[in-house]
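Numbering (full-length UniProt numbering), first residue to last: 1 to 691. One structure below.
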């Protein structure tokens with residue numbers, strides 16, 4: 001039945017090639033306008049959990065008039081002018097701010113003590129909650145703040161930082177495309193030895209990204225799903241990389257078959273082999289992405305949705321548009337005559353390489369294991385945190401202002417936690433609880449200061465606690481967990497930045513076993529069905545996890561101490577999940593491409609070693625080209641200004657490099673040689689062998 005599907009797709013693509021080609025091109029052209037509107041349909045970062053932190057933020061805003069995510073205006077008296085002049089400048093700036101729709105002054109240094117220190121002062125502004133209105137308010141604030149030769153007003157705070165991340169991400173995407181696409185095209189040209197075949201993957205990739213971004217714009221604009229701003233960077237990166245790989249596989253196989261078959265049969269043959277590999281690969285990638293839905297955070301759900309859309313579009317284009325285009329171009333796509341065909345011997349380079357690996361498979365496997373173990377070691381010291389102002393490029397105003405704000409008004413390496421005691425009609429009980437908790441916290445060596453406030457309307461108490469340790473530190477997160485357990489039986493809520501970090505961290509860590517289990521089991525079933533083997537799927541999943549783990553170790557090693565000229569930083573907390581969800585599936589491409597060739601040969605020869613040699617030789621050059629192209633698309637993101645984008649680009653490139661070299665070209669063939677015919681054992685297949 002599956003074979004019939006490939007034959008049907010090939011026949012339809014050939015017979016209705018003109019409508020298919022015109023339809024896809026028109027669809028891509030129409031999607032271009034919607035794709036350009038996608039930034040307006042995106043929300044914020046989406047790193048949110050429905051827990052105590054979110055509830056606390058609502059109470060702070062409603063009962064204590066503290067904005068959920070305030071804009072911080074930092075005023076600087078840089079030349080030491082008189083306080084009167086400085087205060088008049090502040091009053092003028094805040095007056096202009098209040099004229100902007102939806103903007104209110106929540107706290108002013110002109111009315112409250114403790115908001116001015118050593119030539120610096122700050123004010124807190126509340127801005128609209130709706131994402132687009134918030135962006136407009138931030139843009140107008142930047143325009144309206146007065147310029148003065150003696151004084152300076154700088155904006156920071158989460159809404160401003162997020163807007164700067166959005167703008168920097170768009171700049172990073174354009175810069176990465178300007179570098180990655182020409183390099184990818186050059187590699188395709190070298191791989192194919194011609195202009196026309198090199199254009200086909202670029203065309204397929206561009207169409208996939210345009211159409212997917214157009215679809216996502218419609219989804220985001222409809223309000224059905226709130227799309228994270230990270231969708232804007234991830235979708236082009238993944239869409240171009242995967243689509244280029246799929247199209248490369250299809251074109252390579254078509255040209256190979258064209259050497260011995262007419263165009264029609266060559267398309268059918270390419271669809272039944274490479275088309276099958278594409279379909280299996282897409283199913284595995286989508287299942288890996290579906291697994292990330294176990295983590296209940298908008299950032300992962302929306303990025304997974306976006307990646308699934310671009311993968312589905314890419315698969316449809318490569319299984320319909322690309323075969324139709326190959327047949328329509330006919331003899332203008334030259335066959336591969338001079339290189340080894342699938343029946344011919346491998347090149348001398350591959351022959352020597354395979355001989356070395358297969359001669360001592362145990363030594364080869366141990367050497368790979370040692371190299372991978374070295375890469376995995378830094379994971380033990382890996383630190384993660386929610387990206388903040390430090391994730392922006394150095395020199396960005398909101399980052400510089402955030403640093404000055406923290407240095408001038410708070411003790412170094414401290415953070416603010418909030419303890420809210422709800423009255424719920426029992427004010428005397430709330431009074432006693434607040435006194436007891438305050439007394440306990442005053443004896444806590446990790447607490448520097450406690451400020452108490454009571455809501456006159458509800459009777460709720462707010463204890464603002466200044467903790468020793470940064471919000472993302474293990475100590476701060478441990479403190480909020482302890483307080484939550486200690487006060488769990490009381491009507492008490494814990495909030496603040498350390499609580500936000502702890503909830504997001506715990507949601508990820510606690511849900512990862514579910515993600516891993518779903519992805520491993522679902523991919524095992526797909527691969528067992530595809531290759532009629534019990535051990536090959538287990539090995540493929542283990543190899544993918546190894547390459548992802550090694551890439552995480554490399555990232556931790558690079559960023560923990562700021563090696564190779566990188567700025568020291570924690571890993572952005574979403575990077576491990578992004579890297580797993582995206583790279584697990586992408587790495588599976590290479591495994592499936594390689595295993596498909598080995599499987600074809602084994603079905604024909606029933607000789608395990610000969611099948612490994614032939615499969616690696618036939619797919620090695622293509623896998624190397626595909627990996628180089630995908631690295632060319634993803635690696636330029638490592639030059640991004642936003643740290644999270646930089647880490648994702650570096651991580652994917654590292655995982656792909658490890659996967660296409662150490663894993664696929666050494667570890668897989670050596671392990672398959674050691675396992676012998678056990679590679680192909682399947683309990684319920686005829687004779688335990690593949691059909």
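In this text, a Cβ means the ideal position worked out from N, Cα and C, and glycines have one as well.
- Annotation for residue 77: the continuous beta strand (DSSP E) segment containing it runs 71–77.
- For residue 592, the enclosing alpha helix (DSSP H) begins and ends at 575–605.
- As summarised for the segment 464–525, the continuous beta strand (DSSP E) elements at least 3 residues long and confined to that stretch are 492–496, given in chain order.
- Leaving aside the five residues that flank residue 530 on each side, the residues in its chain whose CB is nearer than 7 angstroms to its CB run, in chain order, 280.
- In the DSSP assignment, residue 630 falls outside any beta strand (DSSP E) and within the unbroken alpha helix (DSSP H) covering 608–634.
- In the structure shown, the three-state DSSP call for residue 52 is helix.
- In this structure, the alpha-carbon of residue 650 lies about 10 angstroms from that of residue 656.
- With respect to residue 248, residue 613 sits apart: the two C-beta atoms are not nearer than 9 angstroms.
- If you check the CB distance, residue 392 and residue 164 come in under 9 angstroms.
- When the beta-carbon positions are compared, residue 536 and residue 301 stay at least 9 angstroms from each other.
- Taking a cut-off of 8 angstroms on C-beta distances, the segment 102–121 does not touch the segment 52–59, as fewer than three cross pairs fall below it.
- Cβ contact annotation for residue 146 (same chain, cutoff 6 angstroms, sequence separation greater than five): 92 and 93, in chain order.
- Under DSSP, residue 416 shares a beta bridge with 466.
- In the DSSP assignment, residue 456 falls outside any beta strand (DSSP E) and carries neither an H nor an E.
- Of the residues assessed, residue 331 falls on the exposed side of the cut-off, its CB having fewer than 16 other CB atoms within 10 angstroms.
- Below 8 angstroms, too few C-beta pairs join the segment 267–284 and the segment 229–238 to call them touching: fewer than three.
- In this structure, the beta-carbon distance from residue 663 to residue 546 falls below 9 angstroms.
- Runs of alpha helix (DSSP H) with 4 or more residues, each lying fully within the segment 204–261, are found at 231–258, listed in chain order.
- Here the C-alpha atom of residue 176 lies approximately 5 angstroms from the C-alpha atom of residue 636.
- Under the DSSP definition of a beta bridge, residue 156 partners with 72.
- Per DSSP, residue 316 lies in no beta strand (DSSP E) segment; the continuous alpha helix (DSSP H) that holds it begins and ends at 298–316.
- By the C-beta criterion, the segment 598–616 is judged to be in contact with the segment 668–678, since at least 3 inter-stretch pairs fall below 8 angstroms.
- Non-local beta-carbon contacts of residue 378 in its own chain, meaning distances under 6 angstroms to residues more than five positions away in sequence, involve 553, 556 and 557 in chain order.
- DSSP, reduced to helix, strand and coil, places residue 64 outside both helices and strands of the structure shown, so it counts as coil.
- A straight line joining the alpha-carbon of residue 33 with that of residue 39 spans about 12 angstroms.
- In this structure the segment 399–409 does not lie against the segment 457–464, because fewer than three pairs of beta carbons, one per stretch, are closer than 8 angstroms.
- When the five nearest sequence neighbours on each side are left out, the beta carbons in the same chain lying within less than 6 angstroms of the beta carbon of residue 205 are those of 240, 243 and 244, in order along the chain.
- One alpha carbon belongs to residue 368, the other to residue 667, and they sit about 6 angstroms apart.
- Here DSSP, grouped into helix, strand and coil, assigns residue 108 to coil.
- About 29 angstroms separates the beta carbons of residue 455 and residue 75, which is beyond the 8 angstroms limit, so they are not a contact pair.
- In the DSSP assignment, residue 121 falls within the beta strand (DSSP E) that extends over 120–126.
- Take residue 519, set aside five residues on each side of it, and the residues of its chain with a beta-carbon closer than 6 angstroms to its own are 288 and 291, in chain order.
- For the pair residue 220 and residue 37, the Cα-to-Cα distance works out to about 10 angstroms.
- Cβ-Cβ distances below 7 angstroms link residue 160 to 71, 138 and 398 in the same chain, with the five nearest sequence neighbours on each side left out; the list follows chain order.
- Under a 10 Å Cβ-count criterion, residue 641 is classified as buried, with 16 or more other Cβ atoms of the shown protein chains found around its own Cβ.
- Bridge pairing for residue 572: 385 [DSSP].
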